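According to this note's numbering, the stretch in the sequence shown is residues 2 to 498, in order.
In what follows, a single structure is set out as structure tokens and then discussed.
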Amino acid sequence: MPQPIDDTKTLKAFHRLPLAWVGFLLIVIWTMFFVWDNVSHRGTMKLLTMRNIHNRAAMGIENVIIFRRWNALHGGVFVPINDYGVPNPYLKGLVERDLATTHGDSLTMINPAYMTRQYFDLLEKDTRFRGHITSLRPIRPKNAPDSWERQALESFEKGSTEASVITELDSTSYFRLMRPLVTEKPCLKCHQQQGYKEGDIRGGLSISIPIAGPLALMNQDIHRRTLFDLIVWMLGVAGILIGFSKLDKADHYRLEMLHRLMKLKRKTDRLNRELEETNALKLMLIDTMTHDLRKPLQVISGFSELALDSYPDDPYITRIDQNVTRVFETLNDVTILAQTALGESIPLEEVDLVPIVQEVSGEFTNLLEAEQLSLKMDIPQRCIVKAHPVIREVFRNYLSNAVKYAADGKQVDITIEETAKTVTIRIRDYGSTQIPEEKYPELFTRHFQDDEIHHGRGLGLFIVAQIAKVLNGKAWVEPNRPQGNVFAFSIPRNPRE
Ligand code: HEC
């Protein structure tokens, strides 16, 4: 019996899935990912760019310090006096500043600070980097610090070793880096007079690098990344939207199918109920026929036999008796048909076909003798199948047909052939009524009407076909050479396997 639909359980399945929410959430997550990626990329780029600029400035200062030390180690370096090698007025009195060579050329001393200034002039021409040597107590007034340099120098006095800032110089953005210049031993040659000792902060070096260029490069990179992110983001969003619209369609479809299924299920339930009612009706019908109709018929039959005994030559009574017998036969047929129509519900049991064949042929002994028909049997000792005793009707039908229509053949053979899985019964006659092969398929149908072959076969073969169907077997006819027909019936040993 089919399960009735549990509506409370299925009701949940009828809800639309919250696809819009899931899709929205996915887009939000996707967007957040790209915002995060973009922001973190910007941060990294800025950090890298600033570190790069800082490194360049730091390297510049370090180089200058080394070159200055080289100069100081020489205690100042002499160059020829000319437009470029102008004697330094601040050296006057500190050291022996000017010399004359043996050839009469004049040389003047370049001290580290002077060299530094000339180097910074050259540097600015080439790179637009600006450099400045300065001190809180400058010997040369032009070496005085600007306000930021002053702060830095003061911080060096307090122990810090570097200062940096991003600022505007002549309305251009600069990164400025400054480090202290510490008094070393060679410096004392010229600076001892001012009271400096080894380790004192003598002043500082600042380098300023314009950052517009590197920042533009950085921004270009950031913009490129943003564009790329945007494209990937849009592709993702489009993918999500398309995917979810497809899912949405599928969900629609799912619901529609569910509704259809529900309808179908209701219909099947109804049909099943109807079927059960029909089956109950069939059972009732069988019951009516087997009991309610049979009983009065038996009474009539008893009395008609009695009457026939008393008046054996009365044509009316003979007719009554014959017809009562026919009604009996029809009743039997219809009962069996109704049983087989119940199909699966007929109970199967172990049946030995051999005694059944013997019994049925026993029923026909008188008729066979009357028609001078000889019956040959080729059957085993036992033949057990899972079937229903109604199978008896198959033999009965086949045999009675053979007697009725093939008596002129003088012989009927019954064979039972067995294999592991199936059993095949054949009833072979040698009569002159040859059934044409094209009629074979319709022979077993309910409406077969061909008086030549059929006249009065009644429900017989249709019943055989029904029994075959119920037992999962088949019934068929084949020609017997040179004359006659073979009615065959084959069933599996266990139809429910
Ligand atoms: C040969 C002499 C000489 C030696 C060696 C020397 N300086 Fe100077 N230094 C000067 C003179 C002269 C000035 C000032 C004018 C100028 O800018 O040239 C000066 C200027 C400076 C200034 C700029 C501030 C100011 O006073 O104008 C600093 C800073 C400085 N020296 C640091 C040092 C350090 C550090 C050393 C050692 C590595 C050193 N100097 C070695 C002669 C010397």
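Just so you know, even glycine gets a beta-carbon here, dropped at the ideal spot from N, CA and C.
As the structure is a computational prediction, the values presented were derived from the model and not from experiment.
Query                                                                                                           : Result
Ser311 vs Asp322 beta-carbon contact at 8 Å                                                                     : no
Straight-line Cα distance separating Ser433 from His282                                                         : For the record, residue 282 in the displayed sequence is Leu; it is not His. Their Cα atoms are separated by approximately 44 Å.
Assigned secondary structure, Tyr175 (DSSP; H/G/I helix, E/B strand, else coil)                                 : strand
Anticipated Cβ contact below 8 Å, Leu309 with Ile301, distance rounded                                          : 12 Å between Cβ atoms; not a contact.
Assigned secondary structure, Ser209 (DSSP; H/G/I helix, E/B strand, else coil)                                 : strand
Spatial neighbours of Met2 in its chain, beta-carbon cut-off 6 Å, leaving aside the 5 residues before and after : At Met2 the pLDDT is 45, less than 50, meaning the model places this residue with poor confidence; the figure from the coordinates comes in the next sentence. Answer for Met2: no residue qualifies.
Same chain only: Cβ atoms within 8 Å of Pro215, ignoring 5 sequence neighbours per side                         : Thr50, Asn53 and Ile54
Any non-hydrogen atom of the ligand HEC closer than 7 Å to Arg69 Cβ                                             : yes
DSSP state of Ser136 mapped onto helix, strand, coil                                                            : coil
According to DSSP, residues forming a beta bridge with Trp477                                                   : Ala489
Any 3 or more C-beta pairs closer than 8 Å across the region 199-217 and the region 175-182                     : yes
Counted within 10 angstroms of its Cβ, other Cβ atoms place Arg69 as buried (16 or more) or exposed             : buried
Per-residue DSSP class, three states only, for Gly204                                                           : strand
Range covered by the beta strand (DSSP E) that runs through Ala388                                              : Ile385 to Ala388
Spatial distance of Thr291 from Ala421 (CA atoms)                                                               : 36 Å
Residue of Arg397, Val238, Val404 and Leu74 minimising C-alpha distance to Gly24                                : Val238
Backbone secondary structure at Lys93 - three-state DSSP                                                        : strand
Rounded C-alpha distance that separates Trp37 from Arg226                                                       : 13 Å
Limits of the alpha helix (DSSP H) - the one that Pro297 falls within                                           : Arg295 to Ser311
As assigned by DSSP and simplified to three states, the class of Thr446                                         : coil
Cutoff 8 Å; reference Trp234; Cβ partners in own chain excluding five residues on either side                   : Trp31, Thr32 and Phe35
Three-state secondary structure assigned by DSSP to Gln435                                                      : coil
Strand pairing of Lys250, partner residues [DSSP]                                                               : DSSP output for Lys250 lists no bridge partner at all.
C-alpha distance - Leu369 paired with Tyr399, whole-angstrom precision                                          : 14 Å
Bridge-paired residues (DSSP) for Asp99                                                                         : Thr109
8 Å Cβ cutoff, Glu330 in contact with chain B                                                                   : As a matter of chain content, chain B is missing from the structure shown, which is built from one protein chain.
CB-CB length for Phe436 against Phe396, believed under 8 Å                                                      : Sequence check: residue 436 is Ile here, not Phe. Not a contact, Cβ separation roughly 19 Å.
Beta-carbon separation (whole angstroms), Ile392 vs Val352, contact threshold 8 Å                               : 6 Å
Which of helix, strand or coil DSSP assigns to Gln484                                                           : coil
Those residues which DSSP pairs with Gln195 across a bridge                                                     : None, per the DSSP bridge assignment.
Opposing strand residues paired with Ile428 [DSSP bridges]                                                      : Ile415 and Phe488
Under the three-state DSSP convention, the category Lys377 falls into                                           : strand
Beta-carbon proximity check, Thr425 vs Ala489, cutoff 8 Å                                                       : yes
Sheet register partners of Glu351 (DSSP bridge)                                                                 : Lys387
Alpha-carbon spacing of Ser491 relative to Val325, whole angstroms                                              : 33 Å
Residue closest to Arg43, alpha-carbon to alpha-carbon, out of Phe445, Thr109, Glu360 and Gln221                : Gln221
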